[in-house]
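K.L.:
Can you read through this structure? Questions will come right after.
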Amino acid sequence: MTAYVFPGQGAQFVGMGHDLYEQHPAAKQLFERANEILGFSITDIMFNGTDEQLKQTAVTQPAVFLHSVISALCLGEKFQPAMVAGHSLGELSALTAAGCLDFEDGLRLVAKRAAAMQKACEANPGGMAAIIALGDEQIEQICTEVSTDEAIVVPANYNCPGQLVISGHTAAIEAACAKMKEAGAKRALPLPVSGAFHSPLMLPAQEELAAAIAATEFHAPKCPVYQNVDGQAHTDPEEIKTNLLRQLTGAVRWTKEVNAMVEAGATEFVECGPGKVLQGMIAKICKGNENVSARGVAE
Numbered sequence: 006m007t008a009y010v011f012p013g014q015g016a017q018f019v020g021m022g023h024d025l026y027e028q029h030p031a032a033k034q035l036f037e038r039a040n041e042i043l044g045f046s047i048t049d050i051m052f053n054g055t056d057e058q059l060k061q062t063a064v065t066q067p068a069v070f071l072h073s074v075i076s077a078l079c080l081g082e083k084f085q086p087a088m089v090a091g092h093s094l095g096e097l098s099a100l101t102a103a104g105c106l107d108f109e110d111g112l113r114l115v116a117k118r119a120a121a122m123q124k125a126c127e128a129n130p131g132g133m134a135a136i137i138a139l140g141d142e143q144i145e146q147i148c149t150e151v152s153t154d155e156a157i158v159v160p161a162n163y164n165c166p167g168q169l170v171i172s173g174h175t176a177a178i179e180a181a182c183a184k185m186k187e188a189g190a191k192r193a194l195p196l197p198v199s200g201a202f203h204s205p206l207m208l209p210a211q212e213e214l215a216a217a218i219a220a221t222e223f224h225a226p227k228c229p230v231y232q233n234v235d236g237q238a239h240t241d242p243e244e245i246k247t248n249l250l251r252q253l254t255g256a257v258r259w260t261k262e263v264n265a266m267v268e269a270g271a272t273e274f275v276e277c278g279p280g281k282v283l284q285g286m287i288a289k290i291c292k293g294n295e296n297v298s299a300r301g302v303a304e
């Protein structure tokens, strides 16, 4: 069984999607429609912009979404997923590719999500850090010990065994990183991100996005969608909407998601979108399981 997975923010690179634009008339049409919907030429930035331009959240999230969804749609009849999942932003790509969201509705929600998250970052400054080679339970305990009413830090991305990202106020991140190293973490690295994603600091974004999600029509997807907040399969549109909203302030349980997909019969993971980040994570999650493979959509 084949599972299609979709990356999140951070996978972007200048030039992404240009081959799709040039080689597939349907892709070109979707990219041009995206320019109209967004009100600026995102294709100019994606194809010919600078790294700095592409790093802006309002650009990055729609860019990764477009590359990911159009990569899947260009497969045509070959796109027959048994299940789909996406990492953070990628969950919206997965929902759109699986037919739960129309392309235009998906893009509008991504643009709204990006704008709401950027505003939340400005209102509640914070950051994230990757903790390498320390147990999940130890990381969770240290976050609890360090957090105060004024400065919180929480586990944000359970990416794969030995790699967990924490998120929160800068002071709490720094204190937690120091304790993580004392506890034996190989590394505790602050990440170059604009805010504390997947933490309570994103509550203003969650409130802003709630109205947009409520006003958008969600359809039953063509296959089960595994969601970040609980790592489980969902097909009910109302459950999907609730989980999508919870994801903004909740942790991305990617390890649990991948394991659940393997338990459900997934033997091949195909990453749709820029980069190979998810393939690397899946290889670590499924290490030792010779029945599971991961590749990019063009391979």
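Quick note on our numbering: the sequence shown kicks off at 6 and runs consecutively. We put the beta carbon where it would ideally sit given N, CA and C, even for glycine. None of the values given here were measured: they were computed from a predicted structure.
Between residue 89 and residue 228, which are expected to be in contact by the criterion C-beta below 8 Å, what is the C-beta distance as a whole number of angstroms?
P.N.:
Residue 89 sits at position 84 when you count from the first residue of the sequence shown. Residue 228 sits at position 223 when you count from the first residue of the sequence shown. Correct: roughly 6 Å between the Cβ atoms.
K.L.:
In terms of alpha-carbon separation, which member of 46, 261, 201 and 215 lies closest to residue 159?
P.N.:
Position 154 of the sequence shown, counting from 1, holds the residue named residue 159. Of the candidates 46, 261, 201 and 215, the one whose C-alpha sits nearest the C-alpha of residue 159 is 201.
K.L.:
Are the region 35-51 and the region 12-22 in contact at 8 Å, needing three or more beta carbon pairs?
P.N.:
With the cut-off at 8 Å, the region 35-51 and the region 12-22 touch.
K.L.:
Contact between the region 270-281 and the region 92-109: three or more CB pairs below 8 Å?
P.N.:
In short, these stretches touch, since the Cβ pair count reaches three.
K.L.:
Between which two residues does the alpha helix (DSSP H) containing residue 84 stretch?
P.N.:
The residue labelled residue 84 in the question sits at position 79 within the sequence shown. Run containing residue 84: none; DSSP gives neither H nor E here.
K.L.:
Where residue 93 and residue 252 are concerned, what is the direct C-alpha to C-alpha distance, given to the nearest angstrom?
P.N.:
Locating residue 93 in the sequence shown gives position 88, counting from the first residue. Locating residue 252 in the sequence shown gives position 247, counting from the first residue. Taking the straight line from one Cα to the other gives about 7 Å.
K.L.:
Using 8 Å as the threshold, is the C-beta distance between residue 96 and residue 264 below it?
P.N.:
Against the sequence shown, residue 96 aligns to sequence position 91. Against the sequence shown, residue 264 aligns to sequence position 259. Not in contact: residue 96 and residue 264 (Cβ atoms no closer than 8 Å).
K.L.:
Quick check on the DSSP output: what are the complete alpha helix (DSSP H) runs of length 4 or more inside the region 34-63, in order along the chain?
P.N.:
As far as the region 34-63 is concerned, its whole alpha helix (DSSP H) runs of at least 4 residues are 47-53 and 56-60.
K.L.:
If you draw a straight line from the C-alpha of residue 261 to the C-alpha of residue 140, how long is it?
P.N.:
Residue 261 sits at position 256 when you count from the first residue of the sequence shown. Residue 140 sits at position 135 when you count from the first residue of the sequence shown. Going from the Cα of residue 261 to the Cα of residue 140 covers about 15 Å.
K.L.:
Does the Cβ-Cβ distance between residue 161 and residue 177 come in under 8 Å?
P.N.:
On the sequence shown, residue 161 is found 156 positions in, with the first residue counted as 1. On the sequence shown, residue 177 is found 172 positions in, with the first residue counted as 1. No.
K.L.:
Does the beta-carbon of residue 75 have 16 or more other beta-carbons within 10 angstroms, so that it is buried, or is it exposed?
P.N.:
Within the sequence shown, the letter at position 70 stands for residue 75. It counts as buried.
K.L.:
Please classify residue 86: is it buried, with 16 or more other beta-carbons within 10 angstroms of its beta-carbon, or exposed?
P.N.:
The residue labelled residue 86 in the question sits at position 81 within the sequence shown. Classification for residue 86: buried.
K.L.:
Run through DSSP, which three-state label would residue 158 get?
P.N.:
Here residue 158 refers to the residue found at position 153 of the sequence shown. Reduced to three states, the DSSP call for residue 158 is strand.
K.L.:
Could you check whether residue 112 and residue 39 sit closer than 8 Å to each other, using their CB atoms as the reference points?
P.N.:
Against the sequence shown, residue 39 aligns to sequence position 34. Against the sequence shown, residue 112 aligns to sequence position 107. The answer is yes: Cβ separation under 8 Å.
K.L.:
What's the call for residue 110, buried or exposed, on a 16-neighbour Cβ count within 10 Å?
P.N.:
The residue you call residue 110 lines up with position 105 of the sequence shown. Residue 110 is buried by the Cβ-count criterion.
K.L.:
If you scan the region 90-134 from start to end, which runs of the alpha helix (DSSP H) of 4 or more residues do you find wholly inside it?
P.N.:
Correct list: 95-102 and 108-128.
K.L.:
Using the beta-carbon count (16 or more within 10 Å), is residue 45 buried or exposed?
P.N.:
Position 40 of the sequence shown, counted from the first residue, corresponds to residue 45. So residue 45 ends up on the exposed side.
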